Ligand code: AQP
């Protein structure tokens, strides 16, 4: 079976609908066809400042949410990044084959460091995409299910894999991005040309999987829509309505065309009212399941430890090969 790897940061109290529709939903589906490795990337979560107690809690909440949406630890390998030391070890090697200029061109770093003030941004934030490359290459992943915002980082991963292979001999699989076009960029409900984002969206701009369903419904009802009255799908001229149709279609399995037909002659209010209910009913059971997993943190930690062991079986073999190729002495 082909292999996939992806990760998500434990940087918020809940994942949002953009994370879910852009990436996590595909993680679940790929378990049927791929050998899947999914991780909560806590090493990435300390690149922009954090609170230790909160990080520990969010790491568990993240893992619980992944289980709640349908990641099955018997069918895929679910683990926490810091419990697999090879990620940090390979990242160092990859840092040493990454150009400073090349890393400087990463738009996510430019955006995030500009927000923090360039002087204050950490070196960890700067090399974040290199660690991400290590995450992927360690598992020899064929494909990486992510949202559109990760495309540039994936391109860097591919470049680094090819460079290493050329310089030191074929070692890594060069991975392909797995980006589902329809849901690759879910946008902010209040600012429908920007992506729905943990750090950049206002509270009313994003739907959290773990928020009060009534509050989520209210946010959908007060989403910014566009001028005109007609419900049509056109992300260029009607980004607000188009985003709502995308979410509606993805959560119900109904096609956009079908929805447009069904709402012909109706107003934005009707669409929002119905979608509000769809969203509220979608997140409710996820919350219940997440709560159940969190009731027994010791059990959850044990499950993650088993995942880390499974992950290490693969990552340690890759790292050994890498160390050998670059000329490090094998332990006697
Ligand atoms: N709006 C989105 N639409 C589609 N996919 C999205 N993803 C994030 N936002 C959207 C995808 O979610 C996955 C998890 O990414 P992450 O752990 O890097 O999450 P993040 O980047 O911290 O989440 P945000 O909201 O994007 O945070 P900010 O804006 O603070 O960086 C990835 O596959 C991502 O593509």
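Numbering (our numbering), first residue to last: 0 to 331.
Beta carbons: idealized from backbone N, C-alpha and C, even for Gly.
Just so we're clear, the structure is a prediction, and the values are computed from it rather than from any experiment.
Alpha carbon to alpha carbon, what distance is there between residue j and residue i?
{"i": "residue 104", "j": "residue 128", "result": "11 Å"}
{"i": "residue 3", "j": "residue 228", "result": "43 Å"}
{"i": "residue 67", "j": "residue 274", "result": "22 Å"}
{"i": "residue 153", "j": "residue 331", "result": "36 Å"}
{"i": "residue 28", "j": "residue 144", "result": "10 Å"}
{"i": "residue 262", "j": "residue 256", "result": "10 Å"}
{"i": "residue 205", "j": "residue 90", "result": "32 Å"}
{"i": "residue 164", "j": "residue 313", "result": "19 Å"}
{"i": "residue 299", "j": "residue 291", "result": "10 Å"}
{"i": "residue 150", "j": "residue 99", "result": "19 Å"}
{"i": "residue 267", "j": "residue 230", "result": "7 Å"}
{"i": "residue 278", "j": "residue 236", "result": "24 Å"}
{"i": "residue 115", "j": "residue 264", "result": "47 Å"}
{"i": "residue 106", "j": "residue 44", "result": "18 Å"}
{"i": "residue 40", "j": "residue 226", "result": "41 Å"}
{"i": "residue 208", "j": "residue 54", "result": "18 Å"}
{"i": "residue 319", "j": "residue 311", "result": "12 Å"}
For residue i, count the other beta carbons within 10 Å of its own beta carbon; 16 or more makes it buried, fewer makes it exposed. Which is it?
{"i": "residue 241", "result": "buried"}
{"i": "residue 233", "result": "exposed"}
{"i": "residue 166", "result": "exposed"}
{"i": "residue 157", "result": "buried"}
{"i": "residue 224", "result": "buried"}
{"i": "residue 122", "result": "exposed"}
{"i": "residue 38", "result": "buried"}
{"i": "residue 329", "result": "exposed"}
{"i": "residue 260", "result": "exposed"}
{"i": "residue 35", "result": "buried"}
{"i": "residue 5", "result": "buried"}
{"i": "residue 64", "result": "buried"}
{"i": "residue 295", "result": "exposed"}
{"i": "residue 345", "result": "Outside the displayed range of the chain (0 to 331) lies residue 345, so it cannot be described from this structure."}
{"i": "residue 31", "result": "exposed"}
{"i": "residue 213", "result": "exposed"}
What first and last residue would you give for the alpha helix (DSSP H) that runs through residue i?
{"i": "residue 158", "result": "150-167"}
{"i": "residue 79", "result": "No alpha helix (DSSP H) contains residue 79, which is instead part of the beta strand (DSSP E) from 76-79."}
{"i": "residue 219", "result": "212-220"}
{"i": "residue 66", "result": "51-68"}
{"i": "residue 255", "result": "255-261"}
Quick check on the DSSP output: the beta strand (DSSP E) that includes residue i runs from which residue to which?
{"i": "residue 144", "result": "142-144"}
{"i": "residue 35", "result": "34-39"}
{"i": "residue 176", "result": "175-177"}
{"i": "residue 92", "result": "Where residue 92 is concerned, there is no enclosing beta strand (DSSP E), although the alpha helix (DSSP H) it sits in stretches over 85-94."}
{"i": "residue 4", "result": "2-7"}
Hey, is residue i's beta-carbon within less than 9 Å of any beta-carbon in chain C?
{"i": "residue 196", "result": "Included in the structure is just one protein chain, with no chain C present."}
>> Between the stretch 9-21 and the stretch 177-192, can you find at least three pairs of beta-carbon atoms closer than 8 Å?
In response: Touching, yes.
> Would you call the stretch 72-91 and the stretch 127-141 touching, i.e. three or more CB-CB distances under 8 Å?
Replying inline: yes
> Which residues count as close to ligand 1 when the rule is a CB under 5 Å from any of its heavy atoms, in chain order?
Replying inline: Those residues that have a beta carbon less than 5 Å away from any non-hydrogen atom of ligand 1 are, in order along the chain, 7, 8, 17, 18, 21, 22, 145, 146, 148, 149, 184, 185, 194, 195, 196, 197, 198.
> Are at least three pairs of beta-carbons, each pair with one atom in the stretch 46-58 and one in the stretch 8-16, less than 8 Å apart?
Replying inline: yes
>> Would you call the stretch 196-213 in contact with the stretch 168-184, where contact means no fewer than 3 C-beta pairs closer than 8 Å?
In response: no
> Touch check for the stretch 55-64 and the stretch 293-304: three-plus C-beta pairs under 8 Å?
Replying inline: yes
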